[in-house]
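*Asks:*
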Amino acid sequence: MEYRIMVYNVTKKFQREYVKNESALSRTLSFFPLKKHKREFEALRNVSFSVKPGENLGIIGKNGSGKSTLLKTIAGIYECDEGSIEIKGNVVYLTGFGQGLKKRLTMRENIYLVGSLMGLSKNEIKDRFDEIVEFSELEDYLDTKVYQFSSGMVNRLGFSITIYCVSHKNPDIILIDEAFGGGADITFKNKALDKMEELIKGGASIILVSHDLALIKKYCDRALWIDYGGVAKEGDPEEVIRNYLKPDTFEIISDRYKFIYFPLPKVACSSLKTVFANLMEIKPEKDIHKTNFLQVNRIDIKKYPNYFKFCFVRNPWDRILSCYLNKIGKDPNVNNEWFRNGVHREFVRMYGDDIFRGGMSFEEFVNAIGKISDSQANEHFRSQYISLTDSNGNLIPDFIGKFENLEQDFEKICEKINVGPIKLPHLMKTDHRDYKNYYNMRTKEIVAKRFKEDIELFSYKF
Amino acid sequence: MVLKRLSNRFKKIFELSLQLAKTNFKLRNEGSYLGILWYLLEPLLLFLILIFISSSFVMKGGPNYPIYLLIGLITFNFFRKATVQSASSISGNSEFIKNIKIPHESLVISRVIEGIFSHFFEIILLIFFMFFYKISFAGLIFYPLILAFLILFILGISFILSTLSVYVNDLNNVWNVLTTLLWFVTPIFYFVEEGSRLYMINLFNPMFYFITIMREVLIYQKVPELWMILVAVNFSLLILIIGFLVFGKYRNKFAEML
Chain A
31 MEYRIMVYNV
41 TKKFQREYVK
51 NESALSRTLS
61 FFPLKKHKRE
71 FEALRNVSFS
81 VKPGENLGII
91 GKNGSGKSTL
101 LKTIAGIYEC
111 DEGSIEIKGN
121 VVYLTGFGQG
131 LKKRLTMREN
141 IYLVGSLMGL
151 SKNEIKDRFD
161 EIVEFSELED
171 YLDTKVYQFS
181 SGMVNRLGFS
191 ITIYCVSHKN
201 PDIILIDEAF
211 GGGADITFKN
221 KALDKMEELI
231 KGGASIILVS
241 HDLALIKKYC
251 DRALWIDYGG
261 VAKEGDPEEV
271 IRNYLKPDTF
281 EIISDRYKFI
291 YFPLPKVACS
301 SLKTVFANLM
311 EIKPEKDIHK
321 TNFLQVNRID
331 IKKYPNYFKF
341 CFVRNPWDRI
351 LSCYLNKIGK
361 DPNVNNEWFR
371 NGVHREFVRM
381 YGDDIFRGGM
391 SFEEFVNAIG
401 KISDSQANEH
411 FRSQYISLTD
421 SNGNLIPDFI
431 GKFENLEQDF
441 EKICEKINVG
451 PIKLPHLMKT
461 DHRDYKNYYN
471 MRTKEIVAKR
481 FKEDIELFSY
491 KF
Chain B
330 MVLKRLSNRF
340 KKIFELSLQL
350 AKTNFKLRNE
360 GSYLGILWYL
370 LEPLLLFLIL
380 IFISSSFVMK
390 GGPNYPIYLL
400 IGLITFNFFR
410 KATVQSASSI
420 SGNSEFIKNI
430 KIPHESLVIS
440 RVIEGIFSHF
450 FEIILLIFFM
460 FFYKISFAGL
470 IFYPLILAFL
480 ILFILGISFI
490 LSTLSVYVND
500 LNNVWNVLTT
510 LLWFVTPIFY
520 FVEEGSRLYM
530 INLFNPMFYF
540 ITIMREVLIY
550 QKVPELWMIL
560 VAVNFSLLIL
570 IIGFLVFGKY
580 RNKFAEML
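Heads up: the sequence lines are chains A and B, in that order. According to the numbering used here, the first sequence holds residues 31 to 492 in order. According to the numbering used here, the second sequence holds residues 330 to 587 in order.
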C-alpha cells in the first residue's frame with residue numbers, strides 16, 4: 031500500500047525523575063551515592079498508523095495525552111525509543127506562527143530571520159518577500175521595529191511569513207500542531223483561514239492536531255484519538271469524536287426494553303454487559319468494555335423518566351480485594367499488553383510507576399488506595415455512590431442490586447424489564463478465598479474510612 | 330550526487346548561521362551609543378593597564394612588548410568570548426530546538442561567527458598599533474591562515490561545551506573559572522623561559538601554540554618552528570573532530586533534555 035507516513039509501534043519514553051540541568055557540583059556528587067532508580071514515563075506506547083498521500087489525518091485527545099509528542103517524533107525533533115517511523119517526502123512541522131520573531135528588529139529584518147529559520151535561503155526569501163508583505167497588509171511598516179506593532183499586527187506578520195515559507199517549500203507532509211489561522215481581526219482571519227485551507231487542500235498529506243473538533247470534522251478524512259499515549263480509537267472523524275466526547279462513566283440504555291443500566295467496574299460488569307449485548311443484538315467486541323452500546327450521558331438521564339434504572343453494588347472490602355488481585359501482578363517483571371512491570375497499564379498511565387508496583391502486598395495496596403481521593407481515583411476503586419448519585423446527592427437508580435446476591439437480584443431485574451430468565455455467565459470470575467482473610471485491623475479500617483459513604487448508603491458490614 | 334547534497338546542507342547551515350549571527354550582532358549593539366567601541370574597550374583597557382604596569386616593573390619586554398602583549402590579549406579574548414557565548418547556544422535556545430526543525434549546528438556556529446565579528450574590530454586595533462609602533466605589515470598575509478585554524482579549534486570547543494551545557498546547568502561558571510585560569514597560565518603579559526616549569530605546562534596548552542605562532546609571524550616576520558605549527562594544526566583538527574562526534578552523538582537528545 032502506498033503511504034507517506036508509516037508509524038509502526040512507536041514508543042517514546044521520558045525520564046521522569048531526571049532532574050534537568052543539574053549543576054556541576056551536584057552532578058559530581060551524584061556520581062557517588064547509591065543507585066538511583068531511573069523512572070520512565072511512557073509518553074507514547076505502541077502507536078501505529080499510516081497516512082496516505084493527500085490524506086488528512088486529525089489527532090484529538092486530552093491535554094498531556096501525547097499528541098504533541100507524537101507529532102514531534104514524526105517531525106524528527108524527538109527520537110523514538112522503540113518502533114519505527116518511515117517518511118516519504120519532505121516534512122514541515124508547524125506550531126504557532128512566526129517562531130523566532132525578534133521584537134527589536136524591523137519587519138524587513140524579521141522576514142529574513144524567520145524565513146531562514148524556516149529553512150529558506152536568502153534568495154528564496156527575496157523571491158517571496160513582496161508576497162509576504164502584501165499578504166500581511168503591513169507595507170507601511172517595513173522599517174518599523176516590531177515592538178511597536180500591536181499584537182494583531184505581530185500575528186499578521188508571523189502568519190504571513192510562516193505560511194509563505196511553508197508553501198514555498200512545497201512540502202509533501204505538513205504536521206500542524208494547534209496552529210490554525212492567526213488571531214487577528216475578522217477580515218484578516220478569514221483571509222488567513224482561506225490561505226490555510228488552500229495549503230491543506232494543496233495535495234500534501236496533513237496531520238492536524240487540534241482541540242477544535244469542528245476543524246477536524248471539516249478537514250480530516252480520518253481521525254485518531256490518542257489517550258494516555260496509546261491509540262484509543264481510529265477511523266471516521268465523526269465516530270471517533272463521538273467516542274472521544276463520551277464521559278468515562280456512561281450508562282447503557284435500551285429503548286426496546288426501556289432500561290438504563292449503570293455499569294460499575296468490578297461489580298459483575300463484564301457479565302452483565304455480555305448479557306445485554308446479546309439481548310440488544312449488539313455484536314460484542316473481544317474486549318467487552320469496548321462494545322458499542324447505545325449510551326446515555328448522566329445529565330440526560332432525566333429525559334427518560336419511564337425507563338427502569340438499575341445497578342449493582344458490591345461490598346467495598348471485597349471490591350478492593352478483587353481490584354488488587356486483578357490489577358496488580360504478583361511478579362513485578364510481567365510486561366504484556368495489559369501489564370507493565372506487574373501493574374495494570376491503566377493504573378500506570380494514571381499514576382505512573384510510583385504509587386502501584388508489581389508484587390506489592392495487599393496492605394501496601396490498601397494504603398495507596400486510601401490516599402487517593404475519589405476525584406483522582408480510577409473508576410475501579412472510585413466510591414460506587416459517585417456514579418449513582420445526581421448533583422444533589424440523590425441516588426438515581428430505581429433498583430440497586432447487590433453483587434453478593436447477584437443471581438436473585440438479576441432475576442428481579444429480568445422480571446421488571448420483561449425478559450425471560452437469563453442465566454448469568456460469570457466472566458472474570460475471581461476465585462479467591464473469603465475476603466476477610468486478606469484484611470487485618472489496619473487495612474480494614476482504611477477501607478472503612480475511605481469508602482464510608484458506600485458502606486453507609488448500601489449498608490455493608492465487614 | 331551525495332557530495333552535492335552534503336555541500337548543499339553545509340551551505341544551508343552556514344547561511345542560517347550567518348543570518349543568526351548578524352541578527353544577534355545587530356540586537357546586541359542596538360541602542361548603544363558607543364556601539365562597536367564596547368568591543369574594544371575591554372582589551373584596550375587591559376592593554377593600557379598592563380603597559381603601564383610593565384613600565385613600572387622591570388620586564389624583559391623590549392621595544393616590541395606592546396604588540397607582543399596586544400596579540401596575546403586579543404587572541405585569548407577572541408577564544409574566551411566565542412566559547413563562553415557558544416556554551417549557552419543550545420541550552421539558551423530551547424524554544425527553537427523544541428519547536429522548529431533547524432540544524433542545531435547553526436546555533437553553535439552562529440555564536441562563533443559572532444565572535445569573529447567582534448574579533449574583527451580587535452584586529453583593526455592591532456593593525457593600528459602595529460602602524461603606531463612601526464612594525465612591518467608583511468606578516469599579516471599569513472594571519473588569516475592561523476586564524477582559520479584557531480577558529481576550527483574554537484568551533485570544536487564550542488560544540489563540546491554546548492553539548493555539555495544541556496546536561497550541566499552551571500557550565501558557564503565553570504568555564505569562566507577555567508578560562509581565567511588558562512589566561513594566567515598562557516604567556517599573555519609575560520614571557521616564559523624554554524625549559525621552565527611553566528613552559529612545560531604550556532606545552533599542553535593549545536592557546537600557547539596559537540599565540541606564539543601569531544607573534545612569530547606578525548612581530549618578527551619569522552616562519553614559526555615546524556613542530557609548533559604541527560601541534561597547533563593537530564590540536565585544532567582533533568578538537569574539532571571530537572566536538573563533532575560529541576555533538577552528533579547527543580544532538581537528538583537535546584529536544585527532550587531542555
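By construction, the Cβ of each residue, glycine as well, lies at the ideal position given by its N, Cα and C atoms.
1. Assign Met-36(A) to one of three DSSP states: helix, strand, or coil.
2. Locate the alpha helix (DSSP H) running through Glu-154(A), then write down its first and last residues.
3. Buried or exposed: where does Ser-415(B) fall if 16 or more other Cβ atoms within 10 Å of its Cβ makes it buried?
4. Is it buried or exposed, Glu-494(A), if we count other Cβ atoms within 10 angstroms and call 16 or more buried?
5. Which first and last residues belong to the alpha helix (DSSP H) in which Ala-350(B) is found?
6. Distance check for Lys-199(A) and Trp-255(A), CA to CA, integer angstroms please.
7. If you draw a straight line from the alpha carbon of Asn-563(B) to that of Phe-539(B), how long is it in whole angstroms?
8. According to a CB-to-CB cut-off of less than 8 Å, which residues of the region 196-211 of chain A neighbour chain B?
9. So, Ile-193(A) versus Leu-229(A), is the Cβ gap smaller than 8 Å?
10. I need the boundaries of the alpha helix (DSSP H) containing Trp-368(A), first residue and last residue.
11. Among Glu-554(B), Phe-583(B), Thr-352(B) and Glu-523(B), which one has its Cα closest to the Cα of Leu-143(A)?
12. What is the rounded straight-line gap between the Cα of Ile-483(B) and the Cα of Ala-407(A)?
13. Have a look at Pro-395(B) and Phe-376(B) and give me their C-alpha separation to the nearest angstrom.
14. Following the continuous alpha helix (DSSP H) through Tyr-249(A), name the residue where it begins and the one where it ends.
15. Who pairs with His-374(A) in a beta bridge, going by DSSP?
16. According to DSSP, which residues form a beta bridge with Lys-43(A)?
17. Take Met-148(A) and list the residues in its own chain whose beta-carbon comes closer than 6 Å to its own, dropping the five residues that flank it on each side.
18. Do we get a CB-CB distance below 8 Å when we pair Asn-581(B) with the residues of chain A?
19. Using a Cβ cut-off of 8 Å, pull out every chain B residue sitting near Gly-130(A), in sequence order please.
20. Short of 8 Å in beta carbon distance, which residues of its chain neighbour Ile-431(B), apart from the five on each side in sequence? Order them along the chain.
21. 8 Å is my cut-off, CB to CB: does Lys-578(B) come that close to chain A?
22. Give the single residue among Asp-224(A), Ala-234(A) and Asn-470(A) whose Cα lies nearest to the Cα of Phe-395(A).
23. Quick check on DSSP: helix, strand or coil for Lys-65(A)?
24. Interface residues of chain A around Thr-515(B) at Cβ under 9 Å?
25. Hey, is the region 446-454 of chain B in contact with the region 490-503 of chain B, meaning 3+ C-beta pairs nearer than 8 Å?
26. Residues of chain A with CB under 7 Å from Gln-348(B), in chain order?
27. Are any of the Cβ atoms in chain A nearer than 8 Å to that of Phe-339(B)?
28. According to DSSP, simplified to helix, strand and coil, what is Val-585(B)?
29. Measuring straight from C-alpha to C-alpha, what distance separates Leu-479(B) and Lys-333(B)?
30. What is the DSSP secondary structure of Leu-135(A), reduced to helix, strand or coil?
31. Run through DSSP, which three-state label would Ile-517(B) get?
32. What's the call for His-433(B), buried or exposed, on a 16-neighbour Cβ count within 10 Å?
33. Would you mind stating whether Val-176(A) and Leu-135(A) have Cβ atoms separated by less than 8 Å?
34. To the nearest angstrom, how far is it from the Cα of Tyr-358(A) to the Cα of Gly-389(A)?
*Replies:* Reading off the structure:
1. strand
2. 152-166
3. buried
4. What the structure shows of chain A is the stretch from 31 to 492, and residue 494(A) is not part of that stretch, so it cannot be assessed.
5. 331-358
6. About 29 Å.
7. 12 Å
8. none
9. yes
10. Careful: Trp-368(A) lies outside any alpha helix (DSSP H) and carries neither H nor E.
11. Thr-352(B)
12. 55 Å
13. 8 Å
14. 243-249
15. DSSP lists Phe-369(A) as the bridge partner or partners of His-374(A).
16. Looking at the DSSP output, Lys-43(A) bridges to Glu-72(A).
17. Cys-195
18. yes
19. Phe-425 and Ile-429
20. Leu-345 and Phe-425
21. no
22. Asn-470(A)
23. Residue placement at Lys-65(A) cannot be trusted, given a pLDDT of 48 that sits under 50; the coordinates are not used to answer.
24. Those within 9 Å of Thr-515(B) in chain A number zero; the least Cβ separation is about 23 Å.
25. In short, these stretches do not touch, since the Cβ pair count stays below three.
26. Tyr-142, Leu-143 and Ser-146
27. no
28. One detail in the question is off: residue 585(B) reads as Glu in this sequence, not Val. Reduced to three states, the DSSP call for Glu-585(B) is helix.
29. 28 Å
30. coil
31. coil
32. buried
33. yes
34. Note that residue 358(A) corresponds to Ile in the displayed sequence, not to Tyr. When rounded, the distance between both Cα atoms is 7 Å.
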